[in-house]
Amino acid sequence: MRFRALVTVVGVLLAAMTVNALAASQVRSVRLWRAPDNTRLVFDLSGPVQHSVFTLSAPDRLVIDINGATLGAPLNVSTANTPITAMRSAQRTPSDLRVVIDLKQAVTPKSFVLAPNAQYGNRLVVDLFDNPSDAASPPTPTPSVATVPAVPVTAPKPAINLPPAPAGKRDIIVVIDAGHGGEDPGASGSRGQREKDVVLAIAKELQRQVNGIKGFRAELTRTGDYFIPLRGRTEIARKKGADLFVSIHADAAPSKAAFGASVFALSDRGATSETARWLADSENRSDLIGGAGNVSLDDKDRMLAGVLLDLSMTASLTSSLNVGQKVLSNIGRVTPLHKQRVEQAGFMVLKSPDIPSILVETGFISNANEASKLAAASHQQALARSISSGVRQFFQQNPPPGTYIAWLRDAGKIAQGPRDHRVSPGETLAMIAVRYQVSAGALRSANNLKTDELKIGQTLNIPSTELAVKE
Ligand SMILES: [Zn+2]
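71 is the number of the first residue of the sequence shown in this note's numbering; add one for each residue after it.
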């Protein structure tokens with residue numbers, strides 16, 4: 071009897087010690103980000119935990135059991151514009167914390183843990199995906215290029231601003247990717263400027279400008295302050311039917327004196343310079359900060375997928391370098407350049423087969439002077455203008471088949487740049503203007519003409535044709 075009692079006591083003591091060892095972790099804070107289709111909760115922890123997540127209905131709730139943890143601080147977080155109505159917690163045992171989230175409507179949860187890195191410690195990430203069937207929050211429809219119906223010739227003009235383009239005259243789609251977001255702030259400046267904010271502002275301005283060019287449509291990978299894993303960004307580009315993927319970033323360097331903009335295209339043979347390699351490393355590390363969410367993916371599969379991806383990428387690499395060079399020479403007019411040539415590096419965000427892709431480092435946010443420029447709306451506009459000009463020039467020369475721009479070119483409505491014209495007998499200024507698709511006014515001013523009188527044999531400068539701008 072006495073012996074058995076002792077065994078029991080030892081057993082209880084051992085159990086208690088195990089519990090104490092597991093309970094070493096504390097939940098120190100909780101952070102929240104709202105994305106268009108999900109809400110991300112990040113629990114910052116003092117050490118590793120085990121966890122499980124399940125949902126309850128009537129009323130809808132999400133239960134997060136964090137084993138080996140206690141609550142170190144109150145769960146204070148703003149839940150405005152999310153499906154969350156309240157968050158509460160209780161200690162189920164001295165070492166098992168239960169967090170209950172009250173919901174307006176059912177969600178589909180996904181969760182994973184992240185190991186510490188340079189920026190954060192151990193984290194538990196819980197993504198609450200909106201259920202598409204929820205009438206309260208219908209998903210934003212994304213019209214696919216292939217399913218846009220052709221407008222019959224006899225159809226009355228719809229009373230909307232941008233009716234679907236007729237078959238064979240579709241818009242060129244540019245997907246603009248603002249780097250980082252959410253718990254991944256990217257690089258930061260000395261006065262608290264954050265890369266994720268600066269690049270989102272530039273991306274939105276670029277979208278506005280590209281949408282102003284007839285024959286183009288721009289889409290954003292992220293529209294607010296939330297995290298998207300790198301692979302998720304190219305997936306969005308593919309879903310939107312991108313003809314071009316432009317990722318916008320701002321640099322940081324150990325040397326505060328480093329300055330200038332750079333444009334990167336993907337390398338099929340590794341980085342072209344040590345800086346490019348260093349940058350690619352730090353941008354790719356973003357996934358470790360924000361969490362790719364696919365931690366269960368088998369490493370072997372990932373390697374094979376990477377190899378296949380690399381093999382199918384060479385075709386779009388030439389286009390990427392070409393568009394990159396055009397963007398770079400336009401940027402060089404508004405800001406100093408860090409490198410005069412398009413750099414090549416293995417950015418994961420650019421690994422999108424068949425879609426020409428570039429990454430624009432708009433300047434060094436680690437440089438005090440450039441950081442304040444990058445945060446200024448006027449400079450953001452100028453940067454966006456130079457990128458949109460480069461993109462437009464590239465597509466005027468290389469329009470994808472079936473697009474409005476390809477139709478314009480085939481109809482002879484895109485000039486190859488400024489040319490000369492020798493006036494023949496019987497030609498008027500108006501006739502020449504029509505022939506070259508420029509306005510009579512543009513022709514007059516390009517030649518400093520006070521009247522419309524022309525001399526036979528006179529040489530006129532024909533200005534380059536600009537694409538019409540959407541009204
Ligand atoms: Zn970046």
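We put the CB at the ideal spot given by N, CA and C, even for glycine. Just so we're clear, the structure is a prediction, and the values are computed from it rather than from any experiment.
- Assigned secondary structure, residue 134 (DSSP; H/G/I helix, E/B strand, else coil): Strand.
- Alpha-carbon spacing of residue 106 relative to residue 193, whole angstroms: Residue 193 has its alpha-carbon roughly 23 Å from the corresponding atom of residue 106.
- Which class does residue 152 belong to by DSSP, given the choice of helix, strand or coil? DSSP places residue 152 in coil when its eight states are reduced to three.
- Query: Leaving out the 5 sequence neighbours to the left and right, which residues in its chain are closer than 7 Å to residue 521 when beta-carbon positions are compared?
  - Reply: None.
- Message: Bridge partners for residue 243 per DSSP, in chain order?
- Response: Note: residue 243 sits in a beta bridge opposite 287.
- Message: If I measure Cβ to Cβ from residue 506 and keep anything under 6 Å in the same chain, skipping five residues before and after, which residues do I get?
- Response: So the list reads 532, once near-sequence residues are dropped.
- Task: Could you tell me if residue 504 is buried or exposed, where buried requires 16 or more neighbouring beta carbons within 10 angstroms of its beta carbon?
- Result: So residue 504 counts as exposed.
- Message: What residue range does the alpha helix (DSSP H) around residue 408 cover?
- Response: Neither: residue 408 is in no alpha helix (DSSP H) and is coded neither H nor E.
- Task: Please go through the region 449-483 and give each complete alpha helix (DSSP H) segment of 4 or more residues, from N-terminal end onward.
- Result: Runs of the alpha helix (DSSP H) spanning 4 or more residues and lying entirely within the region 449-483 occur at 474-480, in chain order.
- Task: Whole angstroms is fine: what's the gap from residue 480's alpha carbon to residue 272's?
- Result: Their Cα atoms are separated by approximately 33 Å.
- Message: Cutting at 7 Å between CB atoms, please list the residues of its own chain near residue 286, excluding the five before and the five after it.
- Response: Sequence-distant Cβ neighbours of residue 286 in its own chain, meaning closer than 7 Å and more than five residues away, are 241, 242, 244 and 280.
- Pairwise C-alpha distance: residue 519 and residue 428: Residue 428 and residue 519: Cα-Cα distance of roughly 42 Å.
- Take residue 174 and list the residues in its own chain whose beta-carbon comes closer than 8 Å to its own, dropping the five residues that flank it on each side. 130, 153, 154, 155 and 206.
- Rounded separation between residue 404 and residue 96 - CA only: Roughly 50 Å separates the two Cα atoms.
- Query: Quick one: Cα of residue 509 to Cα of residue 497, how far?
  - Reply: Cα to Cα, residue 509 sits roughly 16 Å from residue 497.
- Compare the C-alpha of residue 128 against each of 114, 411, 99 and 176 and name the closest. Ranking the options by Cα distance to residue 128, first place goes to 176.
- Task: Return yes when at least one heavy atom of ligand 1 lies under 7 Å from the C-beta of residue 251, else no.
- Result: No, the beta carbon of residue 251 sits no closer than 7 Å to any heavy atom of ligand 1.
- Does the count of Cβ pairs from the region 119-127 and the region 135-153 closer than 8 Å reach three? Put simply, the region 119-127 touches the region 135-153. At least three CB pairs are less than 8 Å apart.
- Message: Tell me which residue opens and which closes the beta strand (DSSP E) that residue 439 is part of.
- Response: Residue 439: not part of any beta strand (DSSP E); member of the alpha helix (DSSP H) spanning 438-444, first to last residue.
- Message: Less than 7 Å separating the Cβ of residue 331 from some heavy atom of ligand 1?
- Response: In this structure, ligand 1 has no non-hydrogen atom nearer than 7 Å to the beta-carbon of residue 331.
- Message: Are there any heavy atoms of ligand 1 lying less than 7 Å away from the beta-carbon of residue 257, as far as the coordinates show?
- Response: Checking the Cβ of residue 257 against ligand 1 gives yes.
- Query: If we count Cβ pairs, one from each stretch, closer than 8 Å, do we get three or more for the region 391-398 versus the region 455-464?
  - Reply: Contact between the region 391-398 and the region 455-464 is present, because at least three Cβ pairs lie under 8 Å.
- Task: Please report the Cβ distance between residue 328 and residue 434, rounded to the nearest whole angstrom; I am assuming they are in contact, meaning their Cβ atoms lie under 8 Å.
- Result: The beta carbons of residue 328 and residue 434 sit about 5 Å from each other, so the pair counts as a contact at 8 Å.
- What's the C-alpha gap between residue 473 and residue 186? Residue 473 and residue 186 have their C-alpha atoms roughly 47 Å apart.
- Message: Let me confirm a value: residue 469 is counted as buried when at least 16 other C-beta atoms fall within 10 Å, else exposed. Which label applies?
- Response: Burial call: buried.
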